[in-house]
Structures are given as C-alpha cells and as structure tokens.
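In UniProt numbering, the protein residues as written are 4 to 450. Backbone N, C-alpha and C fix where the C-beta goes; we use that ideal spot for every residue, glycine too. Reviewing the structure listed below.
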Ligand code: PLP
C-alpha cells in the first residue's frame, strides 16, 4: 500500500544519504532530493519503491542486454556458486567456466581475436589494453613506442588509466595528474562539428587528424590508436561511413596497433556481435564488458589477436598483470549462459534485421519533426538525439537551460529511462525489446 511504500522509500533514501556516495554524482544535492529507489526488474521494465513501472530505455547502463529476470542466467550463477564459488587463475590453475568462456568469446569475436584475458570491468579491460600494447612493443624491442592516441569526448572508464585514455575533460580536471604518453585527436561528430563539410569529407578530415598527430609525435613513438566503434557515453556519436576504413589505413601505414573499445558496442548492440563488424574495423585487440554477462555479474574481457598474443606466448616471461577475480567462475558461468541464450534466441539477427532498423525508423517518425530535435543518429538498438534551440541553425540552448536534464526528467516522470549527455539524449534498450515496446518507448519520449 501507499503508506508502506512511502516509508520504504524514505528509509532507503535516509540510509543512502547517510552512508552511500554515488558514482558520477553531486552527493550533497542528491542527498537533499533523495535517490529514486529501484526495487525490481522484469524483461525491459523496472519498478521503483513507489510501485511505478518504468521502461528501461538504457538497459541499466548499456548492459542488461538480455533483459531482467532471466532464469537461465540466475540458474547458471546458482549452480556454479554451489560447485565452486571461487578459484584464481594465477597459479598454474584454471577451471571449466574460465576456459569455456574464453572459447565462447573466441567463437563470436571477428578475425583472429582468439586469445582472451579476463577482468571485472570495462575500465580494467582498458587498463589491460594500455599495459598490454605498451608491453607488446617492449617485447618487439621498441620500448619507445608507448604513446596511445584516443579521441576527445571518448569514454574509456574511470580508473586512472581509463580516465587518462578517455577524452572527458570534466574527468581530467579531477584526481590529476593523469597517466603520461596519451594524446587525443578530434572526435568524428559530424552533426555537431563538421561545419560545411559533407559526411565523407569530414570522415577523411577526422582520420587525417590521426595521421597529423602521429607525424607530430613521431610514428616510432606511437603504440596504438584506441576508439569506441560508436562513441557511447559521449552521446552516441556514429562516425561517417568512411571514417574507420581511413583510420585503419593510417594505423597500417605507420605500424600502429588498432584497439576497439567494445564495452558498449559489443554483444549485439549494433546488430552484429561487435561494433567492429558493423563499422568495418579489424582491430588487433578489443575490450568488452557490460553485455558479456548482460550485467548480471561484473565481468570483462580483452580479446587479443594472434599478432599480439603470439608475441607474449613466444616471449617466455610472465605478464605481470591481472586481478584476483580475473575469470571469476560464477561470473564466467553467467557469461557463458548469456552467450548461449543470445545464440538460442537469435538476438543478433533480430537486432540487425528487425528491432534495430525498426527503432531507428520509429524514432525518426515519432521525434524527427519535434521542434527540439536537431538530429537523430544510431545503429541497431543504440541512438542519440541532438537537442537544439533552433532546428535550422543548429543553435544550442545556453548554459541557463539544461535541456538534456529537463527532457530526461520528463521521460522519467512518463515512465521511461533515457539518459542525458549534455544536450544529447541517448538510449540503448535491452536487446530483447519487442516492436510494441519500441512503440511505447518512442511515444513516452515525445514531449
Ligand atoms: N569503455 C567504454 C566504451 C564504456 O562505455 C565504459 C563504461 O561505460 C567503460 C569503458 C568502462 O566500463 P566500466 O564502467 O565497467 O569500468
């Protein structure tokens, strides 16, 4: 009843305010307002402690790809926890879940990305890539090849390594100094930053920025270029169609490794197993997390191609890197069950040929003519909407109006979770979303 749910809400909020410091949050302001208490999830829906049903247009944090409450995943965790709750993979030991999951991941990654290193979060996977590509060049006798190049407004996590590699200026200002030998180039945000250039011209110009940077710092000093196939946390920015092939050519030309951060794009988000396939990238190494276990337990991985993996294997020395929970058996068992469930339900094909195109079309039909909507971009079940003051001139709202937050709160009150990134709204619903639920999402998003 109402009284009861209100007191649950107040109790949890009070404890939360007293003791819980939230990530990426103004804690003082939140404590005054009280956090919304989420109590239950089923399919694409959440419920809060007041009994409100909410359509989760973000799949948690781009991760609950197979939806909430899946018995197959719950059962996998339960069974594995009873059998062997934990054992490490450091000391000449392994276990079936870690070995089997490595095989499952290798079966869905493109190209020769057949060697798997486990971590617990996307940030740790990125730190692993930073250390691994630098160590790769050391093994090659080129320790000076240590610079990593990434993009402005990219997101690669929140550890010291991830923060340093990412291009979020608001993060760089806090907890500095950052990890050295990281350089950044412009992002390929055509709608917002291309001026008069066509998409194709802009794609070439943004890739050229990589070549310019390489020449500026010296090709002999560059270890790798790292990018999200589609920038997620930066606002869902889909690069021009020619961008990645141009980037690839430049990496090849200067013998620079190409790393794809697939933490959001991986596991079906764009309608292929990995964003690299959708965007035509052939990475030497890639990070993944989130959708790997549909967020049911924390687990992440780095998939490593033959070139890098064989260098480590033939080097005959320890790689001094890893985490207590690398290849955690319970998380691995859940990830195996998740991949098997994705295969059984043909979810990649469904997103690629049915619900993905449907969401993209429906969003444009429902919101395209809205006075606040400047541009909609996305692929599969991920999309970003640019909010503008003036559709014709692309003029943005001033700092006095936080239009993203206003729209986010409007959606929230309407029973829909979308996220605001500055003046962009982003969405990434669970991959199991139906056409009818997509209709509901689009209707609830319209002001
Ligand atoms: N890389 C990308 C592309 C991400 O989107 C994220 C998280 O959103 C991360 C890395 C960091 O992952 P985690 O939050 O699991 O550390």
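Cβ of residue i within 9 Å of Cβ of residue j?
i: residue 68; j: residue 433; result: yes
i: residue 226; j: residue 151; result: yes
i: residue 492; j: residue 70; result: Limits of the chain in this structure are 4 at one end and 450 at the other, which puts residue 492 out of reach.
i: residue 303; j: residue 121; result: yes
i: residue 108; j: residue 119; result: yes
i: residue 322; j: residue 95; result: no
i: residue 81; j: residue 148; result: no
i: residue 180; j: residue 206; result: no
i: residue 308; j: residue 117; result: yes
i: residue 2; j: residue 155; result: Beyond the ends of the chain as shown, which are 4 and 450, falls residue 2; an answer cannot be given.
i: residue 89; j: residue 331; result: yes
i: residue 256; j: residue 214; result: yes
Please look up how many angstroms separate the CB atoms of residue i and residue j, rounded, as I've assumed it's under 8 Å.
i: residue 240; j: residue 299; result: Actually they are not in contact, since the Cβ atoms of residue 240 and residue 299 sit about 28 Å apart, beyond 8 Å.
i: residue 485; j: residue 59; result: The question about residue 485 has no answer, for the chain in this structure spans 4 to 450.
i: residue 422; j: residue 61; result: 5 Å
i: residue 190; j: residue 125; result: Contact flag wrong, Cβ pair sits at about 19 Å.
i: residue 52; j: residue 18; result: No, residue 52 and residue 18 are not in contact; Cβ-Cβ is about 13 Å, not under 8 Å.
i: residue 446; j: residue 369; result: 7 Å
i: residue 385; j: residue 431; result: 5 Å
i: residue 235; j: residue 50; result: In fact, because the Cβ distance is near 26 Å, the residues do not count as touching under 8 Å.
i: residue 286; j: residue 261; result: 5 Å
i: residue 45; j: residue 72; result: 5 Å
i: residue 387; j: residue 429; result: 5 Å
Output the distance between the C-alpha atoms of residue i and residue j, rounded to the nearest integer angstrom.
i: residue 258; j: residue 277; result: 24 Å
i: residue 251; j: residue 217; result: 13 Å
i: residue 403; j: residue 367; result: 28 Å
i: residue 376; j: residue 272; result: 23 Å
i: residue 92; j: residue 329; result: 7 Å
i: residue 254; j: residue 270; result: 25 Å
i: residue 30; j: residue 424; result: 19 Å
i: residue 289; j: residue 305; result: 6 Å
i: residue 354; j: residue 275; result: 8 Å
i: residue 153; j: residue 169; result: 7 Å
i: residue 244; j: residue 356; result: 19 Å
i: residue 182; j: residue 171; result: 14 Å
i: residue 311; j: residue 115; result: 10 Å
i: residue 57; j: residue 210; result: 41 Å
i: residue 212; j: residue 410; result: 34 Å
i: residue 20; j: residue 79; result: 35 Å
i: residue 202; j: residue 317; result: 44 Å
i: residue 197; j: residue 373; result: 23 Å
Ordered along the chain, which non-local residues of its own chain (more than five positions away) have a Cβ less than 6 Å from that of residue i?
i: residue 166; result: 174
i: residue 390; result: 375, 406, 426
i: residue 159; result: 129, 165, 168, 169, 264
I'd like the list of long-range same chain contacts for residue i, defined as Cβ closer than 7 Å, with 5 residues on each side in sequence excluded.
i: residue 33; result: 25
i: residue 163; result: 182
Please list, in chain order, all residues of the same chain as residue i whose beta carbon is under 8 Å from its beta carbon, the five residues on each side excluded.
i: residue 442; result: 365
i: residue 55; result: 418
i: residue 84; result: 333
i: residue 76; result: 69, 296, 297, 299, 337, 340, 341, 344
i: residue 194; result: 377, 378, 380, 389, 397
i: residue 9; result: 53
Check whether the Cβ of residue i sits closer than 8 Å to any heavy atom of the ligand GTP, and report yes or no.
i: residue 236; result: The ligand GTP is absent from the structure shown, which contains only the ligand PLP.
Inset, instruction - Would you check if there are 3 or more beta carbon pairs closer than 8 Å linking the region 395-407 to the region 18-28? - result: no
Inset, instruction - Take every Cβ of the region 259-267, pair it with every Cβ of the region 222-237, and state whether three or more of those distances are shorter than 8 Å. - result: yes
Inset, instruction - Say whether the region 118-134 touches the region 356-373, bearing in mind that this needs 3 or more beta-carbon pairs closer than 8 Å, one atom from each stretch. - result: no
Legend entry - Validate contact between the region 93-104 and the region 282-290 using beta carbons, cut 8 Å, 3 pairs: no
Inset, instruction - Please confirm if the region 135-142 is in contact with the region 327-345, defined as three or more CB-CB distances below 8 Å between the two stretches. - result: no
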